[in-house]
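Each remark here refers to the structure printed beneath this line.
2 protein chains.
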Amino acid sequence: MEQKKKIVIIGGGFGGIELAKKLKNKNVEIIILDKHNYHTFQPLLYQVATGGLEADSIAFPIRKIFKGQKNLKFRVTEVKKVFPELNKLETTIGNIDYDYLVIATGSTSNYFGQTEISQNAMPMKSIPEALNLRSLILQNLEAAIIAKDPVKESELLNFVVVGGGPTGVETAGAIAELKKHVLKNDYPELDLNKVNIYLIEGSPELLGAMSVQAQQKSKQFLEELGVTVYTEARVQGYDGQTLSLVDGRKIGAATVVWSAGVKGVVLEGLSTEVVVRGNRLKVNEISLIEGYQNIFAIGDVAAMITEETPNGHPGVAPAAIQQGKQLAKNLVNLIENKPTEAFKYFDKGAMATVGRNRAVVDINKIRFQGIFAWFTWMFVHLMTLVGFRNKLVVFVNWVWSYFSYDRGTRLIIRPFKPFKEYKKPHDAEAT
Amino acid sequence: MEQKKKIVIIGGGFGGIELAKKLKNKNVEIIILDKHNYHTFQPLLYQVATGGLEADSIAFPIRKIFKGQKNLKFRVTEVKKVFPELNKLETTIGNIDYDYLVIATGSTSNYFGQTEISQNAMPMKSIPEALNLRSLILQNLEAAIIAKDPVKESELLNFVVVGGGPTGVETAGAIAELKKHVLKNDYPELDLNKVNIYLIEGSPELLGAMSVQAQQKSKQFLEELGVTVYTEARVQGYDGQTLSLVDGRKIGAATVVWSAGVKGVVLEGLSTEVVVRGNRLKVNEISLIEGYQNIFAIGDVAAMITEETPNGHPGVAPAAIQQGKQLAKNLVNLIENKPTEAFKYFDKGAMATVGRNRAVVDINKIRFQGIFAWFTWMFVHLMTLVGFRNKLVVFVNWVWSYFSYDRGTRLIIRPFKPFKEYKKPHDAEAT
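Residue numbers (the UniProt record's numbering), protein chains in the order written: chain A, 1 to 431; chain B, 1 to 431.
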């Protein structure tokens with residue numbers, strides 16, 4: 001009897017999970033590797049960072065996802081390097097062999113080489129990073145109340161979000177709602193007029209990938225909530241106290257959220273020639289990395305460059321899920337010496353929420369904004385969340401927040417430090 | 001017009017919160033200080049540590065508790081020292097004056113001077129400590145799966161709880177249920193026969209403060225769940241790998257939970273003469289610390305020594321709440337030059353849960369065990385939880401767990417390290 005082929009998947013995000021699930025009853029051996037023991041529902045990270053949801057409700061233990069899947073093993077580990085000529089991975093728990101390797105490592109914040117910004121601004125791409133940001137926002141409010149120097153006070157009360165994509169728009173909106181509904185009640189000593197929220201975007205419009213209606217309406221919604229929106233404004237630097245724009249404007253701010261871009265998390269050991277724009281891996285129409293016979297990439301880290309998609313597919317959950325699904329079929333085809341099928345992306349549209357009753361939705365030519373868009377956004381996100389308990393807890397939180405105008409999860413879970421020590425920890429994972 | 005008296009309360013636990021709430025419409029100025037920005041519902045910490053509840057559902061932002069209370073300010077700070085002769089506190093955010101000071105700092109784990117144990121065993125008295133323990137339990141399971149050395153594997157799969165009070169009984173029971181319902185499904189590679197849970201108690205009986213029926217039944221319940229109970233067993237040392245008992249027995253274990261005792265968190269600057277057994281502060285029948293005119297202590301840190309209570313009151317939430325309530329009245333009486341009233345403790349009874357359908361309850365002469373006790377336990381804890389959202393989220397989790405036999409919150413939120421580096425971080429707060 002022939003030995004089962006061994007498929008190793010690096011990453012338990014949307015793409016990796018979908019691929020492994022679709023291989024459930026196939027005659028293969030699967031090993032899925034992740035540095036965390038949980039899958040993160042990234043689209044709702046901003047709600048964790050702004051006190052709307054508990055971290056546990058948007059994360060799901062990877063072992064639970066694969067309960068009962070007999071052809072799969074899961075390991076918590078960090079992959080250090082791949083040796084393509086040996087079909088071998090070096091990891092923190094030893095070497096792992098593979099017949100087929102799938103890189104589904106996702107993306108991380110892109111600071112475009114600006115070290116100073118990367119050391120001082122807050123990323124929001126993982127649960128520890130979101131909890132770290134939540135703690136910083138709350139710590140800065142506590143510090144503002146006792147600040148004696150008006151310049152320091154102003155820095156502590158200025159919140160800047162850099163990047164006008166969906167994450168930036170949603171985060172700025174959520175901080176504005178925090179100001180409107182929570183600070184008013186819980187920080188009576190604060191002068192709310194001193195609390196400012198800025199959203200900084202380099203291009204002329206917010207939500208560049210969406211329709212003109214969505215772009216205009218999201219800006220209007222943000223301004224209604226009191227957010228100051230700067231478009232065509234490029235960030236030059238941020239030293240932890242002052243954010244400088246290229247045009248010379250300066251904003252003193254102790255909290256700067258960085259959502260201005262992402263880059264793929266590539267793996268050491270691959271040819272540098274396959275790394276293209278955005279640090280993504282160049283793959284063909286069956287997700288195979290150029291120049292390799294058995295190494296694939298899917299999701300945010302993959303750039304499937306075709307005539308229709310000169311920059312690859314958008315770095316969103318549906319693209320990763322669809323690529324994972326298609327690759328499951330193609331891996332089986334390859335093993336059984338059957339012809340493979342080219343990936344076809346089905347664009348499900350895009351949406352972003354700004355705040356209560358305020359969201360924008362594009363589904364092909366159908367575009368709508370406002371309260372119905374907001375309910376659509378909530379419904380789609382609830383349905384996509386992994387796990388019944390998580391759906392239930394998120395739903396309870398949303399219903400409760402809707403009626404109470406409140407945010408329940410406001411724990412500072414890192415040590416409280418006086419203002420001058422406020423720096424982003426170098427290893428955000430440690431918090 | 002006379003100036004308002006300034007009452008400073010150190011600690012936002014059950015006692016401090018109750019005292020401040022009861023002073024709501026009084027003509028005083030209140031400052032409440034805590035090193036966290038949230039109140040912790042300590043009786044359910046063990047469920048956070050064992051993956052049953054999210055941390056956010058048993059914690060409540062202190063600012064929200066006092067929303068709308070105009071005579072109160074809240075500050076996140078650590079108090080360093082008191083200067084009784086100056087009526088002044090030294091804190092990390094500067095000096096704070098008081099007319100009346102109330103010490104409600106609670107208790108922390110007591111290792112009875114055994115440094116080695118304190119460095120290697122896991123405490124469970126705060127949210128960061130409970131999350132730290134949860135992460136360690138899950139990390140040790142992941143490490144066990146890949147362990148090659150059978151001795152190491154056995155250490156990783158032995159879970160020891162030291163101390164047979166309510167916390168120890170509840171924790172041992174919860175780990176046993178984790179084994180029974182979660183490990184079976186989610187860790188198919190584990191040989192469950194190798195997973196052992198021990199509960200170690202120095203005295204002849206578990207739940208020393210409860211009735212004989214509760215003591216016997218809780219032991220029986222634990223044994224039904226597969227917990228090995230050692231009574232009259234005293235711990236001599238724990239080096240991080242091997243737990244040694246005074247009688248010579250040894251247990252190799254990578255996880256040791258320490259719930260064998262607590263001690264009061266006293267404040268530097270007070271006379272050492274007022275510190276009695278258990279590191280508690282000796283107070284009179286109106287909670288005034290012996291030898292002082294305006295410094296009080298309530299809750300776990302206070303020992304109100306009378307003829308009826310030669311060791312003070314038990315360190316439980318109802319005692320702290322009742323002392324806080326009575327002290328609110330007496331502080332007003334003192335300010336208005338009216339006679340004070342001696343504190344009278346109303347014993348509400350005691351209860352402990354071992355697992356699904358298994359709890360023990362003593363209410364005066366009424367004693368019952370089993371499923372009805374379990375529902376009583378849940379009802380009482382739900383009602384005592386602060387905040388409607390928290391009640392709702394905990395209720396949803398409990399109902400979901402009851403029907404699914406599962407635990408939903410199983411995130412490792414500290415960095416994953418290989419076994420040899422597993423040590424308790426020196427500053428558990430940092431995790």
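Just so you know, even glycine gets a beta-carbon here, dropped at the ideal spot from N, CA and C.
Best match in the options for proximity to residue i [C-alpha to C-alpha]
i, options, result
"residue 188/B", "410/A, 63/A, 411/A, 402/A", "63/A"
"residue 201/B", "177/B, 230/B, 178/B", "230/B"
"residue 107/A", "126/A, 98/A, 408/A, 118/A", "126/A"
"residue 89/B", "220/B, 332/B, 184/B, 268/B", "268/B"
"residue 346/A", "323/A, 307/A, 17/A, 86/A", "323/A"
"residue 287/B", "306/B, 271/B, 85/B", "306/B"
"residue 98/B", "186/B, 3/B, 220/B", "3/B"
"residue 368/A", "91/A, 214/A, 380/A, 393/A", "214/A"
"residue 199/A", "30/A, 72/A, 257/A, 272/A", "257/A"
"residue 349/B", "249/B, 210/B, 299/B", "210/B"
"residue 225/A", "264/A, 254/A, 310/A, 356/A", "356/A"
"residue 180/A", "335/A, 148/A, 405/A, 413/A", "405/A"
"residue 372/A", "381/A, 360/A, 365/A", "360/A"
"residue 146/A", "413/B, 77/B, 48/B", "77/B"
"residue 170/B", "52/B, 233/B, 13/B, 67/B", "52/B"
"residue 6/B", "21/B, 27/B, 337/B", "27/B"
"residue 35/A", "93/A, 370/A, 58/A", "93/A"
"residue 292/A", "274/A, 122/A, 338/A, 161/A", "274/A"
"residue 366/B", "393/B, 212/B, 237/B", "212/B"
Partner residues on chain A for residue i, Cβ-Cβ distance less than 7 Å
i, result
"residue 353/B", "Within 7 Å Cβ-Cβ: nothing; residue 353/B doesn't reach chain A, min ~20 Å."
"residue 166/B", "In chain order: nothing, as chain A lies at least about 24 Å away."
"residue 138/B", "37"
Chain-ordered chain B contacts of residue i [CB-CB under 8 Å]
i, result
"residue 149/A", "Near residue 149/A there are no residues of chain B at all, since even the closest Cβ is about 13 Å away, more than 8 Å."
"residue 38/A", "410, 411, 412"
"residue 123/A", "Simply none; closest approach about 16 Å."
Contact list for residue i against chain A, beta-carbon separation under 9 Å
i, result
"residue 187/B", "63"
"residue 134/B", "Going along chain A, no residue has its Cβ under 9 Å from residue 134/B, so there is no contact; the nearest lies around 10 Å."
C-alpha distance - residue i paired with residue j, whole-angstrom precision
i, j, result
"residue 408/A", "residue 56/B", "8 Å"
"residue 326/A", "residue 343/A", "6 Å"
"residue 312/A", "residue 294/A", "20 Å"
"residue 197/B", "residue 73/A", "25 Å"
"residue 18/B", "residue 177/A", "30 Å"
"residue 271/A", "residue 100/A", "17 Å"
"residue 321/B", "residue 376/B", "20 Å"
"residue 43/B", "residue 144/A", "33 Å"
"residue 173/A", "residue 358/A", "9 Å"
"residue 128/B", "residue 49/B", "10 Å"
"residue 157/A", "residue 244/A", "17 Å"
"residue 395/B", "residue 382/B", "7 Å"
"residue 351/B", "residue 166/B", "8 Å"
"residue 140/B", "residue 299/A", "31 Å"
"residue 374/A", "residue 46/A", "16 Å"
"residue 308/A", "residue 54/A", "40 Å"
"residue 417/A", "residue 332/A", "Residue placement at residue 417/A is flagged as unreliable, the pLDDT there being 46, under the threshold of 50; a coordinate-derived value is accordingly withheld."
Beta bridge counterpart(s) of residue i as assigned by DSSP
i, result
"residue 304/A", "283/A"
"residue 5/A", "28/A"
"residue 276/B", "280/B"
"residue 295/A", "101/A"
"residue 288/A", "296/A"
"residue 10/A", "33/A, 103/A"
Where residue i meets chain B, residues with beta-carbon distance less than 9 Å
i, result
"residue 365/A", "Those within 9 Å of residue 365/A in chain B number zero; the least Cβ separation is about 39 Å."
"residue 75/A", "142, 145, 146"
Amino acids of chain B, ordered along the chain, whose beta-carbon sits closer than 7 Å to that of residue i
i, result
"residue 59/A", "411"
"residue 392/A", "396, 400"
Contact set between residue i and chain A, taken where Cβ atoms lie within less than 8 Å
i, result
"residue 67/B", "185, 186"
"residue 128/B", "413"
Check: residue i C-beta below 7 Å from any heavy atom of the ligand ZN
i, result
"residue 354/B", "No copy of the ligand ZN occurs in the structure displayed, which carries no ligand at all."
Inset, instruction - Any chance you could list the beta strand (DSSP E) runs of at least 3 consecutive residues sitting entirely within the region 316 to 389 of chain B, in chain order? - result: The region 316 to 389 of chain B contains these whole beta strand (DSSP E) runs: 350 to 355, 358 to 363, 366 to 370.
Inset, instruction - Note down, one range per segment and in chain order, each alpha helix (DSSP H) of at least 4 residues found wholly within the region 16 to 80 of chain B. - result: Taken in chain order, the complete alpha helix (DSSP H) segments of 4 or more residues contained in the region 16 to 80 of chain B are 45 to 49, 62 to 65.
Legend entry - Ordered list of alpha helix (DSSP H) runs contained in the region 140 to 211 of chain B, each at least 4 residues: Qualifying alpha helix (DSSP H) stretches, in chain order: 150 to 157, 166 to 177.
Legend entry - Contained beta strand (DSSP E) runs [length at least 3] in the region 220 to 267 of chain A, N- to C-terminal order: DSSP runs (the beta strand (DSSP E)) wholly in the region 220 to 267 of chain A: 227 to 230, 235 to 238, 242 to 245, 250 to 252, 255 to 258, 262 to 264.
Legend entry - Length at least 3, wholly inside the region 85 to 125 of chain A: the beta strand (DSSP E) runs in chain order: Listed in chain order, the complete beta strand (DSSP E) runs (minimum 3 residues) inside the region 85 to 125 of chain A are 88 to 91, 94 to 97, 100 to 103, 107 to 109.
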